[in-house]
Ligand SMILES: Nc1ncnc2c1ncn2[C@@H]1O[C@H](COP(=O)(O)OP(=O)(O)OP(=O)(O)O)[C@@H](O)[C@H]1O
Ligand SMILES: [Mg+2]
C-alpha cells in the first residue's frame with residue numbers, strides 16, 4: 123500500500139479532531155500499520171495527548187517556512203508503529219509567514235514529499251487546527267483525503283458545508299485535484315439524547331456514501347486519556363470509546379484498500395528521497411506521562 127496522507131479537519135473547534143487523530147492513529151498502529159502523526163496545531167494537543175514533549179524548533183514550522191528537513195523532526199512514540207512530528211506554539215507564526223511565501227499553499231506538500239516517497243509509513247495523519255487558515259489549507263493541498271469529525275450537535279451540517287466548499291476551491295484551483303473526503307466520523311454520540319440521534323440521522327441522509335458506519339460515543343475516558351499522555355487503547359483498553367476507534371480504524375483501512383485498488387494518477391519521480399532506514403529508526407522519546 124503506498125503512503126496515504128489523511129488530514130483530520132473541521133474548522134469548527136472542539137469537535138473531536140485531536141481525539142480522533144490520536145486514537146485513530148494509535149488503533150491503526152496497533153493493527154500493524156506504520157503511522158506518522160503530524161501535529162499541525164499550535165495548541166499541540168495531539169503531542170501532549172501522546173505524552174510527547176513539545177520542543178521549540180521541533181515541529182513542522184521550520185520546514186514550512188524554511189529549508190529544514192521534515193524527516194529530522196520525526197520522533198518515535200513509546201507506542202509501536204507510531205511516530206509523530208510534534209506541534210508547538212510557534213506554529214501560530216506560520217499563519218502570518220505562509221501567505222507571504224511564493225508557494226505558500228504547497229509548503230507542507232513539499233516538506234512531506236521525501237517522507238512520503240520513502241514509503242516507510244502506511245499512513246501519514248495530520249491533525250489540523252480549528253480554522254481554515256494557511257495551515258489547514260496546506261494540509262488540504264498535501265493530503266490525499268480528509269477525515270472530517272462532526273460532533274453530534276446542532277449546526278453539524280454547517281461545518282461540513284464549509285469544509286466541502288474549501289475542498290472544491292482547492293480542487294478547482296488545481297492545487298490538489300484529487301482531494302476528497304474519505305469519511306465523516308460522528309463524534310460524542312450520546313444515545314440518551316434525541317438530539318444526537320437526530321443529528322446522526324440528518325448527516326446520514328445527506329452524506330450516506332461517505333459517513334463512516336462507526337460512531338464515536340461520548341465517553342469520559344476518551345476525554346481523560348490525554349491528561350495521562352496515553353491513547354485510549356492504553357488508558358482504557360476495554361472502554362467503549364477505545365472499541366469504537368478500533369472499529370473505525372478497520373473501516374478506514376478497508377476504504378484505503380478499495381481506493382488503492384483503483385487506478386491512480388502517475389506519481390512524479392522523487393528528487394529528494396530520504397534514507398528509509400533513518401526514518402524507520404528515529405530517536406525514541408520518553409513518554410512524559
Ligand atoms: N468521544 C468523546 N467523548 C467525550 N469527550 C470527548 C470525545 N471526543 C472529544 N472529547 C473531548 O472534547 C474536547 C474537544 O475534543 P478535541 O480536542 O478532540 O477536539 P478538536 O476538534 O481537536 O478541538 P480543537 O478544534 O480545539 O483542536 C476535549 O476536551 C476532548 O477530550
Ligand atoms: Mg484539536
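Residue numbers (the working numbering): 123 to 411. Where is the CB? At the ideal position from N, CA and C, for every residue including glycine.
Contact between residue 148 and residue 247 does not hold, since their C-beta atoms are separated by about 10 Å, which reaches or exceeds 8 Å.
Under the rule that a run must span 3 or more residues, the beta strand (DSSP E) segments found entirely inside the segment 234-294 read 245-249, 267-273. Boundaries for residue 147: no beta strand (DSSP E) harbours it, while the alpha helix (DSSP H) harbouring it runs 139-152, taken from the DSSP string.
With contacts defined by Cβ atoms closer than 8 Å, residue 217 and residue 268 do not form a contacting pair. Distances from the CB of residue 249 to the heavy atoms of ligand 2 include at least one below 7 Å. Boundaries of the alpha helix (DSSP H) around residue 355: 354-357. The DSSP-derived three-state label of residue 360 is coil. Counting along the chain, residue 161 sits inside the beta strand (DSSP E) bounded by residues 157-161. Under the Cβ criterion (8 Å, minimum of three pairs), the segment 303-319 counts as touching the segment 263-280. Pairing residue 348 with residue 125, the inter-Cα distance amounts to about 27 Å.
A heavy atom of ligand 2 is found nearer than 7 Å to the CB of residue 165.
Around the beta carbon of residue 160, 16 or more other beta carbons sit within 10 angstroms, so the residue counts as buried. Ligand 1 never approaches residue 325 closely enough for any of its heavy atoms to be under 7 Å from the residue's Cβ. Going down the chain, each residue whose beta-carbon is closer than 5 Å to a heavy atom of ligand 1 shows up: 135, 136, 137, 138, 139, 140, 141, 252, 310, 338, 340, 341, 344, 345. The DSSP-derived three-state label of residue 344 is helix. Our two residues, residue 228 and residue 264, have alpha carbons roughly 7 Å apart in a direct line.
Residue environment for residue 277: exposed (fewer than 16 other C-beta atoms within 10 angstroms of its C-beta).
Cβ-Cβ distances below 6 Å link residue 289 to 301 in the same chain, with the five nearest sequence neighbours on each side left out; the list follows chain order. The DSSP-derived three-state label of residue 211 is coil. Setting aside the 5 residues that flank it on each side, residue 226 is surrounded in the same chain by 220, 256, each with a C-beta closer than 7 Å to its C-beta; the list follows chain order. Looking from the CA of residue 361, the closest CA among 196, 166, 340, 128 belongs to 340.
In chain order, 125, 156, 158 place their CB closer than 6 Å to the CB of residue 243, counting only its own chain and leaving out the 5 sequence neighbours on each side.
Under DSSP, residue 308 takes part in a beta bridge, and its partners are 272. For residue 193, no alpha helix (DSSP H) segment is defined, and its DSSP state is neither H nor E. DSSP links residue 302 through a beta bridge to 267.
When the five nearest sequence neighbours on each side are left out, the beta carbons in the same chain lying within less than 7 Å of the beta carbon of residue 253 are those of 133, in order along the chain. Short of 7 Å from the beta carbon of residue 168, and not among the five residues preceding or following it, lie these beta carbons of its own chain, in chain order: 140, 143, 144, 159, 161, 209, 249.
For residue 304, the number of other beta carbons within 10 angstroms of its own is at least 16, and it is reported as buried.
Only residues of its own chain outside the window of five on either side were considered, and among them 190 have a CB closer than 6 Å to the CB of residue 184, listed in chain order.
Taking the Cα of residue 182 as reference, the smallest distance to any Cα among 128, 230, 316, 296 is reached at 230.
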